[in-house]
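Report on one structure; see the data block that follows.
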Amino acid sequence: MQTPAAAAFEYNMTPRKAESRDNQVGVTQDANARRTSLTQLEGSIMKTIDVIRRSEHDGTPQERDQAYWLLTAVEQIIEERAN
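The opening position of the sequence shown corresponds to residue 1 in this note's numbering, with each subsequent residue numbered one higher.
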């Protein structure tokens, strides 16, 4: 069973259809914008994971527990996407 955070993350990472399929230029622009957006999202995710990992070691017991479950959810989603 997925945690609510994992389900929300997976939903947000699900590719959506480009709105302008008729127009090749629009599709290309949409794809380029999506790639840029995904690259920025990946950077944000990596920064967030670093913060979570620091909390996992240096935080309060509650922060460490939350960090563990967040990292577990992210790892599960990454594994599912890889398959």
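Here a beta-carbon is modelled for each residue, glycine too, at the ideal position from N, C-alpha and C.
Nearest C-alpha to Leu71 among Gln29, Ala33, Glu42, Arg53: Arg53. A residue is called buried when at least 16 other Cβ atoms come within 10 angstroms of its Cβ; Ser37 does not meet this threshold and is exposed.
Leaving aside the five residues that flank Tyr68 on each side, the residues in its chain whose CB is nearer than 8 Å to its CB run, in chain order, Glu56. Taking all protein chains shown into account, Ala6 has 16 or more neighbouring C-beta atoms within 10 Å of its C-beta and is therefore buried.
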